[in-house]
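For the record, in the sequence shown the residue sitting at position 117 is 117 according to full-length UniProt numbering, with numbers rising by one throughout.
Beta carbons: idealized from backbone N, C-alpha and C, even for Gly.
Fair warning: this is a prediction, and the values are worked out from it, not measured in the lab.
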Amino acid sequence: MPWQDNYKLLIGSIVPRPIAFVSTRSADGVNNLAAFSFFNGVCPKPFIVAFAPMRRGATGEKKDTLRNIEETGEFVVNVVSEALVAPMSRTNPEFGPEVDEFEVAGLTPVPSDLVSPPRVMESPIQMECKLVQVVEFGEEAGAGSLVLGHVIKMHIAPSVYRDGKIDPDALQAVGRMAGDEYARITDRFPFRRSTLNDFAPQGDKG
Ligand SMILES: Cc1cc2nc3c(=O)[nH]c(=O)nc-3n(C[C@H](O)[C@H](O)[C@H](O)COP(=O)(O)O)c2cc1C
1 MPWQDNYKLL
11 IGSIVPRPIA
21 FVSTRSADGV
31 NNLAAFSFFN
41 GVCPKPFIVA
51 FAPMRRGATG
61 EKKDTLRNIE
71 ETGEFVVNVV
81 SEALVAPMSR
91 TNPEFGPEVD
101 EFEVAGLTPV
111 PSDLVSPPRV
121 MESPIQMECK
131 LVQVVEFGEE
141 AGAGSLVLGH
151 VIKMHIAPSV
161 YRDGKIDPDA
171 LQAVGRMAGD
181 EYARITDRFP
191 FRRSTLNDFA
201 PQGDKG
């Protein structure tokens with residue numbers, strides 16, 4: 001199938017997707033900001049996250065985010081709360097590498113502690129990352145790369161942090177659906193996970 005058709009199936013089937021709002025800095029010192037919903041956590045020790053920038057649909061070129069990460073080995077993942085959706089969507093056009101999308105979006109860069117790309121002040125959770133590995137899947141339009149990063153410092157707004165956990169109602173993170181649609185995480189339901197104990201013969205239950 002043409003990659004565009006596969007893409008529609010991919011973004012319609014894997015929903016809702018978390019969004020990494022990734023800040024990077026080029027070797028020349030230009031800040032860059034872009035959203036990636038092919039994003040997830042990998043493991044907590046070491047603390048690894050992953051996201052996947054595709055090649056540009058028209059030319060097959062690498063996106064600025066990937067080029068910057070390959071140049072500097074550093075990036076910041078900023079979590080997208082509902083209030084950030086409007087400024088984030090302004091960073092979607094494929095601006096040239098000379099454009100600082102912090103300015104386009106009207107967002108505030110704050111210096112990171114351990115990496116050169118700035119954090120997004122308005123984001124409630126910011127993860128400073130060092131590049132671990134880029135896995136490339138082709139070089140043409142429709143291809144992409146998997147970027148694995150080691151989170152070396154996390155900044156969490158006190159308003160979303162309770163007893164070592166993130167409060168989802170305070171965070172108001174959004175998920176990406178297909179096209180221009182997003183999902184709120186407000187319709188949640190509890191369901192207890194089974195344990196081995198549930199399958200033990202009655203007499204063995206403690
Ligand atoms: C919510 C959202 C999610 C996105 N997810 C992805 C993604 O997972 N992969 C991708 O290549 N582009 C994704 N994009 C598009 C990129 O953000 C866009 O191509 C951007 O211009 C890349 O910027 P850069 O060249 O500065 O890296 C997404 C855009 C939005 C608004």
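Contact belief for residue i with residue j at Cβ below 8 Å, rounded distance in angstroms
i, j, result
"Glu71", "Ala27", "4 Å"
"Ile166", "Lys130", "Not really, about 22 Å apart at Cβ, beyond 8 Å."
"Met154", "Val49", "At roughly 10 Å, the Cβ-Cβ gap does not stay under 8 Å, so Met154 and Val49 are not in contact."
"Gly60", "Glu140", "4 Å"
"Pro124", "Val160", "5 Å"
Cβ pair residue i, residue j closer than 8 Å
i, j, result
"Pro97", "Val147", "no"
"Ser37", "Pro53", "no"
"Ala178", "Arg55", "no"
"Pro118", "Ser23", "yes"
"Phe75", "Gly149", "yes"
"Glu103", "Phe95", "no"
"Val120", "Leu107", "yes"
"Ala35", "Thr91", "yes"
"Val110", "Tyr182", "no"
"Asn32", "Asn6", "no"
Reduced DSSP secondary structure (H/G/I, E/B, other) of residue i
i, result
"Ser145", "strand"
"Glu136", "strand"
"Lys8", "helix"
"Phe51", "strand"
"Pro118", "coil"
"Thr72", "helix"
"Pro97", "coil"
"Arg192", "coil"
"residue 290", "A question about residue 290 goes unanswered here, because the residues of the chain that appear run from 1 up to 206."
"Arg90", "coil"
"Ser81", "strand"
Any contact between the region 176-195 and the region 41-56? By contact I mean 3 or more CB pairs, one from each, below 8 Å. no
- Do the region 166-175 and the region 78-89 touch if we need at least three Cβ pairs shorter than 8 Å? yes
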